[in-house]
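Novice:
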RNA sequence: GUGGCUGUAGCUCAGCUGGUUAGAGCACUGGUUUGUGGUACCAGAUGUCGUGGGUUCAAGUCCCAUCAGCCACCCCA
């Protein structure tokens with residue numbers, strides 16, 4: 001096997017298709033999003049879990065559904081040296097469910113996760129082959145109240161990210177297995193009669209995944225679907241009651257939603273509640289946080305009958321909606337005037353850092369250059385150390401916003417910044 | 001996986017129907033005298049014109065392939 005073929009063009013050093021480097025500013029934003037989610041999830045009792053990035057391929061095939069698009073055409077699958085079929089995880093729920101069983105965790109159990117996911121799709125805006133999600137899984141509670149709380153958590157996180165007014169939530173119920181089977185039959189019966197009006201793709205879907213025809217974007221499909229039987233009419237009594245309670249709970253908590261009877265989920269493990277928060281500003285990949293209930297999942301994987309509900313949020317998609325980030329600590333710039341004062345300047349920089357003040361120090365250039373650089377990195381103040389300062393045993397502190405200068409003895413420089421520049425930032 | 005559009009300096013782009021040493025703005029570097037930034041003025045550096053083939057006396061400009069990005073489908077977070 002050749003790891004490096006001669007044909008490899010090293011001249012174009014790019015990341016592979018559908019992946020991208022996250023530069024420092026982007027990492028900061030990603031981190032802010034995931035940390036916000038984590039922090040708020042903790043308020044609801046969630047603890048973080050980290051599962052492997054690759055698993056046995058069967059873990060995903062069994063949970064997501066063998067004929068799902070994600071499994072049949074979008075999974076990265078490979079054989080390792082021991083002959084095992086492994087897969088890069090395309091989503092987080094399956095791995096968490098597997099870990100729940102492997103570790104014999106006891107329900108009820110609230111788990112938060114974050115990390116990279118992989119899907120071999122054709123890249124587009126909002127759709128990468130390596131992307132990042134954070135999500136939650138709430139295992140062991142069958143009550144619709146769990147659905148309400150889980151959705152409320154998602155909403156709160158989106159609010160905290162400043163996205164409150166820019167998203168709408170769509171909600172639907174897929175019902176229990178019995179309801180869904182009954183509906184599926186009714187839908188297929190109806191669609192078969194109007195088969196000729198369907199797009200070629202939808203005719204295929206009629207075989208293995210008829211529910212997907214409901215959210216087709218083809219105009220012909222849409223007009224057929226407009227008169228199709230609708231899922232809510234086919235819910236049995238208990239499923240309907242379940243859905244009503246979810247809706248009532250959301251209303252009681254003041255969470256707005258739109259009941260979209262055509263909302264379906266692409267993964268087989270969902271039942272009852274399905275929801276997604278969508279944005280109008282993202283083009284076609286518009287869902288930023290979506291999930292639902294998956295009561296059969298743990299059992300499918302070989303565990304006991306444990307109900308669950310959860311959602312996942314797309315970090316890159318959320319990032320695309322967030323323009324501004326809370327201001328981080330502005331650094332203080334320490335500037336030596338004259339090379340012989342450099343070490344003194346550096347030791348002052350060190351004491352500032354040990355006092356918790358972000359500090360930058362220049363290594364070259366004259367005073368003018370160093371001040372210009374300090375300004376460029378956004379420093380709000382500069383500490384000047386030159387011969388005059390050394391003679392007085394004090395540093396000059398220049399406020400870079402108004403140009404005002406003052407003298408502070410060397411020993412008190414860190415204290416000065418602790419009191420003056422570490423107040424909480426506003427705006 | 002399907003269809004369409006795009007690919008020129010770090011960034012955003014201009015380069016008309018193929019014709020001499022490849023352009024602008026922003027950014028960057030240096031300077032406008034010796035210890036004071038943001039503005040202004042002056043000067044400077046920078047490109048295998050995505051990559052590989054082909055047509056031509058001549059290709060950034062035309063053709064083919066390939067890679068990558070964008071848009072829609074599909075799918076999904």
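In the working numbering, the protein residues as written are 1 to 427. Built from N, CA and C at the ideal position, the CB exists for glycine as well. Only a predicted model underlies this, so the values are computations on that prediction, with no experimental measurement involved.
To the nearest angstrom, how far is the alpha carbon of residue 287 from that of residue 263?
Specialist: Counting from one through the first chain, the residue named residue 287 turns up at place 287. Counting from one through the first chain, the residue named residue 263 turns up at place 263. Straight-line Cα distance between these residues: approximately 12 Å.
Novice: So residue 112 packs on residue 165, CB below 8 Å; how close in whole Å?
Specialist: On the first chain, residue 112 is found 112 positions in, with the first residue counted as 1. On the first chain, residue 165 is found 165 positions in, with the first residue counted as 1. With 8 Å as the limit, residue 112 and residue 165 do not qualify as a contact, their Cβ atoms being about 25 Å apart.
Novice: Less than 9 Å between the beta carbons of residue 170 and residue 276, yes or no?
Specialist: Here the question's residue 170 lines up with position 170 in the first chain. Here the question's residue 276 lines up with position 276 in the first chain. Contact: yes.
Novice: Around the Cβ of residue 149, are there at least 16 other Cβ atoms within 10 angstroms (buried) or fewer (exposed)?
Specialist: Reading the first chain from its first residue, position 149 is the one you call residue 149. Buried, since its Cβ has 16 or more Cβ neighbours within 10 Å.
Novice: May I ask you to verify whether the region 327 to 335 touches the region 356 to 373, counting CB pairs closer than 8 Å and requiring at least 3?
Specialist: Because the criterion of three Cβ pairs below 8 Å is met, the region 327 to 335 and the region 356 to 373 touch.
Novice: Measure from the alpha carbon of residue 228 to the alpha carbon of each residue in 27, 181, 211, then state which is nearest.
Specialist: As a first step, residue 228 must be located in the first chain, where it is residue number 228. The shortest Cα separation from residue 228 among 27, 181, 211 belongs to 211.
Novice: When the Cα of residue 186 is compared with those of 235, 219, 167, which residue comes out closest?
Specialist: By 1-based counting over the first chain, the position of residue 186 is 186. Nearest of 235, 219, 167 to residue 186, Cα basis: 235.
Novice: In the DSSP assignment, find the alpha helix (DSSP H) that holds residue 77 and state where it starts and stops.
Specialist: Position 77 of the first chain, counting from 1, holds the residue named residue 77. Not the alpha helix (DSSP H): residue 77 falls in the beta strand (DSSP E), residues 76 to 79.
Novice: Can you give me the start and stop residues for the alpha helix (DSSP H) that residue 371 sits inside?
Specialist: Position 371 of the first chain, counting from 1, holds the residue named residue 371. Taken as a continuous stretch (DSSP letters only), the alpha helix (DSSP H) holding residue 371 covers 367 to 376.
Novice: Does the beta-carbon distance from residue 255 to residue 160 come in below 9 Å?
Specialist: Looking up residue 255 in the first chain gives position 255. Looking up residue 160 in the first chain gives position 160. Taking 9 Å as the Cβ cut-off, residue 255 and residue 160 do not qualify as a contacting pair.
Novice: Three-state secondary structure (DSSP) at residue 32?
Specialist: In the first chain, the residue the question calls residue 32 occupies position 32. Reduced to three states, the DSSP call for residue 32 is helix.
Novice: Taking C-alpha atoms, which residue in 397, 127, 270, 329 lies nearest to residue 316?
Specialist: Taking the first chain and counting its residues from 1, one reaches residue 316 at position 316. The option with the nearest alpha carbon to residue 316 is 127.
Novice: Could you tell me the boundaries of the alpha helix (DSSP H) in which residue 231 lies?
Specialist: Indexing the first chain from 1 puts residue 231 at position 231. That residue, residue 231, is in no alpha helix (DSSP H); it is neither H nor E in DSSP.
Novice: On the CB-based measure, 16 or more other CB atoms within 10 Å of its CB, does residue 28 come out buried or exposed?
Specialist: Within the first chain, numbered from 1, the residue matching residue 28 stands at position 28. The residue in question, residue 28, is exposed, as its Cβ has fewer than 16 Cβ neighbours within 10 Å.
Novice: So, with DSSP's three-state summary, where would you put residue 45?
Specialist: As a first step, residue 45 must be located in the first chain, where it is residue number 45. Reduced to three states, the DSSP call for residue 45 is coil.
Novice: Could you tell me the distance, in whole angstroms, from the CA atom of residue 140 to the CA atom of residue 258?
Specialist: Here residue 140 is taken as the residue at index 140 of the first chain, counted from 1. Here residue 258 is taken as the residue at index 258 of the first chain, counted from 1. Using only the alpha carbons, I get a separation of about 27 Å.
Novice: At which residue ranges does the region 174 to 215 contain complete alpha helix (DSSP H) runs of 4 or more residues, listed in the order of the chain?
Specialist: Contiguous alpha helix (DSSP H) elements confined to the region 174 to 215 occur at 177 to 193, 200 to 208, taking only those with 4 or more residues.
Novice: Looking only at its own chain, which residues have a Cβ that is under 6 Å from the Cβ of residue 59, when we skip the five neighbours before and after it?
Specialist: Residue mapping note: residue 59 aligns to position 59 of the first chain, counting from 1. Correct list, in chain order: 94, 98.
Novice: Return the Cβ separation of residue 192 and residue 220 in integer angstroms, given the expectation that the two are a contact with Cβ distance under 8 Å.
Specialist: Looking up residue 192 in the first chain gives position 192. Looking up residue 220 in the first chain gives position 220. Beta-carbon to beta-carbon, residue 192 and residue 220 are separated by about 16 Å, too far to satisfy the 8 Å threshold.
Novice: Report the CB separation of residue 272 from residue 305 in whole angstroms; it is logged as a contact under 8 Å.
Specialist: The count along the first chain starts at 1 and reaches residue 272 at position 272. The count along the first chain starts at 1 and reaches residue 305 at position 305. Going by Cβ atoms, the distance from residue 272 to residue 305 rounds to 15 Å, so no, they are not a contact pair.
Novice: Are residue 242 and residue 354 close, meaning C-beta to C-beta below 9 Å?
Specialist: Translated into positions along the first chain, residue 242 becomes position 242. Translated into positions along the first chain, residue 354 becomes position 354. Against a cut-off of 9 Å, the Cβ pair of residue 354 and residue 242 comes out as no contact.
Novice: Could you tell me the alpha carbon to alpha carbon distance between residue 321 and residue 267, rounded to whole angstroms?
Specialist: Numbered from its first residue, the first chain carries residue 321 at position 321. Numbered from its first residue, the first chain carries residue 267 at position 267. Going from the Cα of residue 321 to the Cα of residue 267 covers about 26 Å.
Novice: Pull up the DSSP beta-bridge partners for residue 111, would you.
Specialist: As a working mapping, residue 111 is identified with position 111 in the first chain. Partner(s): 47, 137.
Novice: Express the C-alpha separation of residue 54 and residue 133 in angstroms, rounding to a whole number.
Specialist: Against the first chain, residue 133 aligns to sequence position 133. Against the first chain, residue 54 aligns to sequence position 54. Roughly 15 Å separates the two Cα atoms.
Novice: Does DSSP put residue 172 in a helix, in a strand, or in coil?
Specialist: Taking the first chain and counting its residues from 1, one reaches residue 172 at position 172. Reduced to three states, the DSSP call for residue 172 is strand.
Novice: By alpha-carbon positions, which one of 131, 40, 337 ends up nearest to residue 117?
Specialist: Residue numbering aside, residue 117 sits at position 117 when the first chain is read from its first letter. Here the closest residue by C-alpha is 131.
Novice: My output table needs one value for residue 63: the three-state DSSP class, helix, strand or coil.
Specialist: Taking the first residue of the first chain as 1, we reach residue 63 at position 63. Helix at residue 63.
Novice: Using the C-alpha atoms, what's the distance from residue 303 back to residue 56?
Specialist: The sequence position of residue 56 within the first chain is 56, counting from 1. The sequence position of residue 303 within the first chain is 303, counting from 1. Computed Cα separation, rounded: 16 Å.
Novice: Look up residue 88 in the DSSP assignment and give the residues it is bridged to.
Specialist: Numbered from its first residue, the first chain carries residue 88 at position 88. Bridge partners of residue 88: 54, 76.
Novice: Start and end of the alpha helix (DSSP H) containing residue 124?
Specialist: Within the first chain, numbered from 1, the residue matching residue 124 stands at position 124. Segment: none, residue 124 is in no alpha helix (DSSP H) and carries neither H nor E.
Novice: Quick check: what's the CA-CA separation for residue 364 versus residue 284?
Specialist: Locating residue 364 in the first chain gives position 364, where the first residue counts as 1. Locating residue 284 in the first chain gives position 284, where the first residue counts as 1. About 50 Å.
Novice: Given a cut-off of 9 Å on the beta-carbon distance, is the pair residue 395 and residue 348 in contact?
Specialist: On the first chain, residue 395 is found 395 positions in, with the first residue counted as 1. On the first chain, residue 348 is found 348 positions in, with the first residue counted as 1. In contact: residue 395 and residue 348 (Cβ atoms closer than 9 Å).
Novice: Could you spell out the range, first to last residue, of the beta strand (DSSP E) harbouring residue 272?
Specialist: As a first step, residue 272 is located in the first chain; it is residue number 272 there, counting from the start. Per DSSP, residue 272 belongs to the beta strand (DSSP E) from 271 to 279.
Novice: Residue 380 and residue 400 look like a contact to me (Cβ under 8 Å); what is the Cβ gap, rounded to whole Å?
Specialist: On the first chain, position 380 is the one that residue 380 refers to. On the first chain, position 400 is the one that residue 400 refers to. The pair is a contact, with the Cβ atoms about 6 Å apart (cut-off 8 Å).
Novice: Quick one: what's residue 395 bridged to in DSSP?
Specialist: Residue 395 sits at position 395 when you count from the first residue of the first chain. Per DSSP, 408.
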